[in-house]
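Protein chains: 4
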Amino acid sequence: MTENAPTEKPLRRDAEENRRRLLAAAAEVFAEAGLDATLDEVAARAGVGVGTAYRRFANKEELLEALFRERVADLDAIMDRAAAAAEPWLGIVTYLEETIALTAGDRGLRELMLRPPQGLEFVDEARARLGPKIDELVERAHRAGALRAGVESSDLVMTVLMVSAVADYGQDRAEPPWRRFFALVVGGLRADAGGALPGAALSPAEADELLRAGRPGGGRVLRRRGP
Amino acid sequence: MTENAPTEKPLRRDAEENRRRLLAAAAEVFAEAGLDATLDEVAARAGVGVGTAYRRFANKEELLEALFRERVADLDAIMDRAAAAAEPWLGIVTYLEETIALTAGDRGLRELMLRPPQGLEFVDEARARLGPKIDELVERAHRAGALRAGVESSDLVMTVLMVSAVADYGQDRAEPPWRRFFALVVGGLRADAGGALPGAALSPAEADELLRAGRPGGGRVLRRRGP
Amino acid sequence: MTENAPTEKPLRRDAEENRRRLLAAAAEVFAEAGLDATLDEVAARAGVGVGTAYRRFANKEELLEALFRERVADLDAIMDRAAAAAEPWLGIVTYLEETIALTAGDRGLRELMLRPPQGLEFVDEARARLGPKIDELVERAHRAGALRAGVESSDLVMTVLMVSAVADYGQDRAEPPWRRFFALVVGGLRADAGGALPGAALSPAEADELLRAGRPGGGRVLRRRGP
Amino acid sequence: MTENAPTEKPLRRDAEENRRRLLAAAAEVFAEAGLDATLDEVAARAGVGVGTAYRRFANKEELLEALFRERVADLDAIMDRAAAAAEPWLGIVTYLEETIALTAGDRGLRELMLRPPQGLEFVDEARARLGPKIDELVERAHRAGALRAGVESSDLVMTVLMVSAVADYGQDRAEPPWRRFFALVVGGLRADAGGALPGAALSPAEADELLRAGRPGGGRVLRRRGP
DNA sequence: GATGAATGAGTATTCATTCAT
DNA sequence: GATGAATGAATACTCATTCAT
Numbered sequence: 001m002t003e004n005a006p007t008e009k010p011l012r013r014d015a016e017e018n019r020r021r022l023l024a025a026a027a028e029v030f031a032e033a034g035l036d037a038t039l040d041e042v043a044a045r046a047g048v049g050v051g052t053a054y055r056r057f058a059n060k061e062e063l064l065e066a067l068f069r070e071r072v073a074d075l076d077a078i079m080d081r082a083a084a085a086a087e088p089w090l091g092i093v094t095y096l097e098e099t100i101a102l103t104a105g106d107r108g109l110r111e112l113m114l115r116p117p118q119g120l121e122f123v124d125e126a127r128a129r130l131g132p133k134i135d136e137l138v139e140r141a142h143r144a145g146a147l148r149a150g151v152e153s154s155d156l157v158m159t160v161l162m163v164s165a166v167a168d169y170g171q172d173r174a175e176p177p178w179r180r181f182f183a184l185v186v187g188g189l190r191a192d193a194g195g196a197l198p199g200a201a202l203s204p205a206e207a208d209e210l211l212r213a214g215r216p217g218g219g220r221v222l223r224r225r226g227p
Numbered sequence: 228m229t230e231n232a233p234t235e236k237p238l239r240r241d242a243e244e245n246r247r248r249l250l251a252a253a254a255e256v257f258a259e260a261g262l263d264a265t266l267d268e269v270a271a272r273a274g275v276g277v278g279t280a281y282r283r284f285a286n287k288e289e290l291l292e293a294l295f296r297e298r299v300a301d302l303d304a305i306m307d308r309a310a311a312a313a314e315p316w317l318g319i320v321t322y323l324e325e326t327i328a329l330t331a332g333d334r335g336l337r338e339l340m341l342r343p344p345q346g347l348e349f350v351d352e353a354r355a356r357l358g359p360k361i362d363e364l365v366e367r368a369h370r371a372g373a374l375r376a377g378v379e380s381s382d383l384v385m386t387v388l389m390v391s392a393v394a395d396y397g398q399d400r401a402e403p404p405w406r407r408f409f410a411l412v413v414g415g416l417r418a419d420a421g422g423a424l425p426g427a428a429l430s431p432a433e434a435d436e437l438l439r440a441g442r443p444g445g446g447r448v449l450r451r452r453g454p
Numbered sequence: 455m456t457e458n459a460p461t462e463k464p465l466r467r468d469a470e471e472n473r474r475r476l477l478a479a480a481a482e483v484f485a486e487a488g489l490d491a492t493l494d495e496v497a498a499r500a501g502v503g504v505g506t507a508y509r510r511f512a513n514k515e516e517l518l519e520a521l522f523r524e525r526v527a528d529l530d531a532i533m534d535r536a537a538a539a540a541e542p543w544l545g546i547v548t549y550l551e552e553t554i555a556l557t558a559g560d561r562g563l564r565e566l567m568l569r570p571p572q573g574l575e576f577v578d579e580a581r582a583r584l585g586p587k588i589d590e591l592v593e594r595a596h597r598a599g600a601l602r603a604g605v606e607s608s609d610l611v612m613t614v615l616m617v618s619a620v621a622d623y624g625q626d627r628a629e630p631p632w633r634r635f636f637a638l639v640v641g642g643l644r645a646d647a648g649g650a651l652p653g654a655a656l657s658p659a660e661a662d663e664l665l666r667a668g669r670p671g672g673g674r675v676l677r678r679r680g681p
Numbered sequence: 682m683t684e685n686a687p688t689e690k691p692l693r694r695d696a697e698e699n700r701r702r703l704l705a706a707a708a709e710v711f712a713e714a715g716l717d718a719t720l721d722e723v724a725a726r727a728g729v730g731v732g733t734a735y736r737r738f739a740n741k742e743e744l745l746e747a748l749f750r751e752r753v754a755d756l757d758a759i760m761d762r763a764a765a766a767a768e769p770w771l772g773i774v775t776y777l778e779e780t781i782a783l784t785a786g787d788r789g790l791r792e793l794m795l796r797p798p799q800g801l802e803f804v805d806e807a808r809a810r811l812g813p814k815i816d817e818l819v820e821r822a823h824r825a826g827a828l829r830a831g832v833e834s835s836d837l838v839m840t841v842l843m844v845s846a847v848a849d850y851g852q853d854r855a856e857p858p859w860r861r862f863f864a865l866v867v868g869g870l871r872a873d874a875g876g877a878l879p880g881a882a883l884s885p886a887e888a889d890e891l892l893r894a895g896r897p898g899g900g901r902v903l904r905r906r907g908p
């Protein structure tokens, strides 16, 4: 849908340009202000009218989805790098570190991950897509005896969420503080961390359930408004 | 702003009663629905009119602040228990676990901690009050050789924030999953966790700065509204 | 819900006053401009802010419903008068004329009757309420041999709709022209009008169906807008 | 504005083609969805861009006007058939039935007739063009003693409007119900219907006035919009 | 000339805050 | 002092119309 032929339809040129600008603006705005940011704000930052934003994206959700898809593509690349890691443990660390780095400065992305507004299916889709890749990483590491007993995929995901939650503190520093906090957590995943993780291990179904709707108060992040 | 004069006038009696009811209601409402909950909701739960809420608290922010102060009082109690722990490491764990448990069921509190509304001095106050107690805990543990080298107060605070971030997953279970995630992190704080924590340790001033406003885009959690 | 006790709650006084003003303003505005009229317009005409309109009525639909209920009450009264008419044919004419007079200047009411926005259940309810009364009127007239063979309730309703459709032409005149057009139609209902009405008579179920949803293009009158 | 010059330039060819397509599309779209349908919808159905629509027609109103003119041409043909009817009463019935049949399936046309957008001169033109033909029909019928005393052209027009108003109920049936409702009205026009129609007969000027703007609140059917 | 992208005022609804009763 | 009614700016989204390509 982007550029297969060098020059496709001339008219599309500015449309695509605006789409790009909108996505870039949205990335900035949502990263800074979270999902509550208005499309007016996004459009203004992109230097276009709101109408244009709504011409490119049917609604706020679709814009978020497009944005999210870009991030999921990034995650795919990360997963590939992680899978290609020379040794299993490195794969785990690659996945964790790079994913956290990706979400570190992005408040909107974190809100999407921590508390996806109810009914946003693209988050579920992403999970369905990436989940197996993480599973593989985990299995490989377990086979190599690199992971602590009882550690599962969902624990890695939670690790990402936990560190991400504090990851935008001090984003402007050369050595962002989150690496320090990451170090705090990652040790707990290693084979030499001690006994098996306490608590009943979550079955995949349970983990899915927890991630999707197991939060009290639901996920009213995208307000339903207007007529 | 409340008890400066030693003699309280009788009228103060039901005013205080209303204040108490409002705080209790607010605690419930914000815990369940997060900071987006309306003051009408709070007032209704308290069984008073909104006007009363605005007579007791200048605005939503002040109500939140008062609420937060109550939680800080809870934290004080926790700190006392932690300080009285039989051995230093237990003190650390007591502080962490109980603090996380406190926030686990409280969505509003978590939102407040992860993203304090800009300009609010909640966290400053809390730090001023609790910081020294945590410092003491940390020093005691270090003296006893129970803490990993390089671990500082701010690392404990971050630990709380990290685990809190995922603490509402599966709140309805008998054994809440957050204990599992806590186990993941806590190991990294123990003396036997490995070398010193990587990354420059944050000075108290830095930590303070980070926690308050060191995030790009600030923390627009409370919308500015009204006439 | 209005005034049972002479002075109930003092505060309610202005609220009720505003409610009345809003209903009066809405009656005017919707009568003149149809259902597309905005609540801003209604509020302005009532001399209050939009917020007040939304405090009294949950949304536009509820305001319309309240308005409509008033009209249905009027219709009830009309039906009572019609049922009490000295002779059956007079009852029919009373129903028709007074109902048409009621809707004559009211564009909104006609839109509601001719093309009720999909999903507006209060129109159905009104039909369910008034239908039997019309049936009775018709049966009584048939028993007295006053009605043309084959004439059914739905034919009376259609008569009202037909004449109403042109009834606001020349509303300002002393003798409104619609009486002339009514005279054109009413003869067709009398026993001496000729043979039975042509066309398959509609069963009650069919009539209901036709009135409710049997229109191509659906009834998008209340636009769904906004978030 | 179209064919003043006898020689059409070749470029005009596809322009005319587009105009035709737009009108055809508009006829369909407005017939189905009413006047609220968007020009984007029309253009899409016509297979052209909106810009083209705006090149052919200054605005939505003008497109509607052009459309209406086409219908008036249809009415011309109907009038010719009616005038050629074997006997006067048949002429009247032909006019009425065929006109109603024309509007029966056309929601937009009905909206236009019942509530012409303010300031549009559609109806004036139509009246100017068709009025005399209807007059002739009426006179012929009166001369033959076929029409009820006092019945005038405007009464026939009103008859059309009245029946049209309910003509879309049950459009999907083999025998559309409107014929039944038409039967209800048409009897009132016949010579044997009884005495002269009550009410002052409308003078042509009055009728014209009534049809054009004689409704309180005017006919805001097309919203004023745009930059 | 055609295209469809851009625009922005307009619409329904919410909610923090103020104020008359 | 308490109450809850009133306010209006803010928000997501639509669509008639204009304009660059």
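Chains as they are written, first to last, in the numbering used here: chain L, 1 to 227; chain U, 228 to 454; chain D, 455 to 681; chain R, 682 to 908.
Heads up, the beta-carbon is just placed ideally off N, CA and C, and yes, glycines get one too.
Checklist entry - Name the chain D residues whose beta carbon is nearer than 7 Å to that of Asp836 (chain R)? => result Leu638
Checklist entry - According to a CB-to-CB cut-off of less than 8 Å, which residues of the segment 32-50 of chain L neighbour chain U? => result Listed in chain order, the positions of the segment 32-50 of chain L with a beta carbon within less than 8 Å of a beta carbon of chain U are Glu32, Ala33, Gly34, Asp36.
Next on the checklist: Could you compute how far the alpha carbon of Gly562 (chain D) sits from the alpha carbon of Leu102 (chain L)?
Outcome noted: Between Gly562 (chain D) and Leu102 (chain L), the C-alpha separation is close to 55 Å.
Checklist entry - Would you report the Cα separation of Arg240 (chain U) and Arg247 (chain U), rounded to the nearest angstrom? => result 11 Å
Checklist entry - Which value, in whole angstroms, describes the spacing of the CA atoms of Arg750 (chain R) and Ala758 (chain R)? => result Looking at the two C-alpha atoms, the distance is approximately 13 Å.
Checklist entry - Applying the criterion that 16 or more other CB atoms from any shown protein chain within 10 Å of the CB defines a buried residue, is Gly642 (chain D) buried or exposed? => result Gly642 (chain D) is buried by the Cβ-count criterion.
Checklist entry - Helix, strand or coil: which one does DSSP assign to Leu120 (chain L)? => result coil
Item to check | Pairwise C-alpha distance: Met113 (chain L) and Glu62 (chain L) | outcome: 16 Å
Next on the checklist: Assuming Asp836 (chain R) and Leu771 (chain R) are in contact, meaning their beta carbons sit under 8 Å apart, how far apart are those beta carbons, in whole angstroms?
Outcome noted: Going by Cβ atoms, the distance from Asp836 (chain R) to Leu771 (chain R) rounds to 18 Å, so no, they are not a contact pair.
Next on the checklist: Taking a contact to mean a Cβ-Cβ separation below 9 Å, would you say Ala46 (chain L) touches Asn18 (chain L) in this structure?
Outcome noted: yes
Next on the checklist: Tell me the DSSP secondary structure of Leu262 (chain U) in three-state form.
Outcome noted: DSSP, reduced to helix, strand and coil, places Leu262 (chain U) outside both helices and strands of the structure shown, so it counts as coil.
Checklist entry - Does Gly441 (chain U) get closer than 9 Å to chain L when you measure Cβ to Cβ? => result Confidence in Gly441 (chain U) is poor, its pLDDT being 40 and thus under 50, which makes the residue's placement unreliable; the coordinate value appears in the next sentence. Interface residue, yes.
Checklist entry - Any residues in the segment 63-81 of chain L with a beta carbon nearer than 8 Å to a beta carbon of chain U? Which ones, in chain order? => result none
Item to check | Through-space distance from Asp351 (chain U) to Ala491 (chain D), alpha-carbon basis | outcome: 52 Å
Checklist entry - Is it the case that the Cβ atoms of Thr548 (chain D) and Arg564 (chain D) are separated by a distance below 9 Å? => result no
Checklist entry - Does DSSP classify Arg644 (chain D) as helix, strand or coil? => result strand
Checklist entry - For the 8 Å Cβ check, are there 3 or more pairs between the segment 829-846 of chain R and the segment 808-815 of chain R? => result yes
Checklist entry - Which term fits Ala754 (chain R), buried or exposed, when burial requires 16 or more other beta carbons within 10 angstroms of its beta carbon? => result exposed
Next on the checklist: Is Arg679 (chain D) close to chain R? Criterion is C-beta to C-beta, closer than 9 Å.
Outcome noted: Model confidence at Arg679 (chain D) stands at a pLDDT of 44, short of 50, so the residue's coordinates are unreliable; what they give is reported in the following sentence. Chain R places no beta carbon closer than 9 Å to that of Arg679 (chain D), leaving this residue out of the contacts.
Next on the checklist: Given a cut-off of 9 Å on the beta-carbon distance, is the pair Arg140 (chain L) and Gly194 (chain L) in contact?
Outcome noted: Between Arg140 (chain L) and Gly194 (chain L), the C-beta gap is not smaller than 9 Å, which leaves the two residues out of contact.
Next on the checklist: Taking the alpha-carbon of Ala331 (chain U) as reference, which of U:Arg417, U:Met306, U:Arg406 has the nearest alpha-carbon?
Outcome noted: U:Arg406
Item to check | Proximity of Glu551 (chain D) and Phe636 (chain D) at Cβ, strictly below 9 Å | outcome: yes
Checklist entry - Excluding sequence positions up to five away, which residues of its chain have a Cβ less than 6 Å from the Cβ of Ala827 (chain R)? => result Pro769, Trp770, Ala872
Item to check | Under 8 Å (Cβ pairs) to chain U, residues found in the segment 80-107 of chain L | outcome: Gly105, Arg107
Item to check | Buried versus exposed call for Ala706 (chain R) [16 or more other C-beta atoms within 10 Å across all chains shown] | outcome: buried
Checklist entry - In terms of residue numbering, what span does the alpha helix (DSSP H) encompassing Asp303 (chain U) cover? => result 287-310
Checklist entry - Along chain R, which residues have their Cβ under 7 Å away from the Cβ of Arg634 (chain D)? => result Leu878, Pro879, Gly880
Next on the checklist: Can you tell me whether Asp333 (chain U) is buried or exposed? The criterion is at least 16 other CB atoms within 10 Å of its CB, across all chains shown.
Outcome noted: buried
Item to check | Backbone CA spacing between Leu184 (chain L) and Glu28 (chain L) [nearest angstrom] | outcome: For Leu184 (chain L) and Glu28 (chain L), the distance between alpha carbons rounds to 29 Å.
Checklist entry - In terms of residues, what are the limits of the alpha helix (DSSP H) holding Glu856 (chain R)? => result Taken as a continuous stretch (DSSP letters only), Glu856 (chain R) belongs to no alpha helix (DSSP H), as it is neither H nor E.
Checklist entry - Would you say Leu720 (chain R) and Ala734 (chain R) are within 9 Å of each other, going by their C-beta atoms? => result Between Leu720 (chain R) and Ala734 (chain R), the gap from beta carbon to beta carbon is short of 9 Å.
Checklist entry - Taking DSSP as the reference, what is the three-state secondary structure of Leu109 (chain L)? => result helix
Next on the checklist: Looking at Glu817 (chain R): is its Cβ nearer than 9 Å to the Cβ of Ala764 (chain R)?
Outcome noted: yes
Item to check | Interface residues of chain R facing Leu684 (chain D) [CB-CB closer than 7 Å] | outcome: Outside the displayed range of chain D (455 to 681) lies residue 684 (chain D), so it cannot be described from this structure.
Checklist entry - In chain R, what lies closer than 8 Å to Ala647 (chain D) by C-beta? => result Gly868
Next on the checklist: Let me see if you follow: with CB-CB separation under 9 Å, is Leu842 (chain R) close to chain D or not?
Outcome noted: Cβ-Cβ to chain D under 9 Å: yes for Leu842 (chain R).
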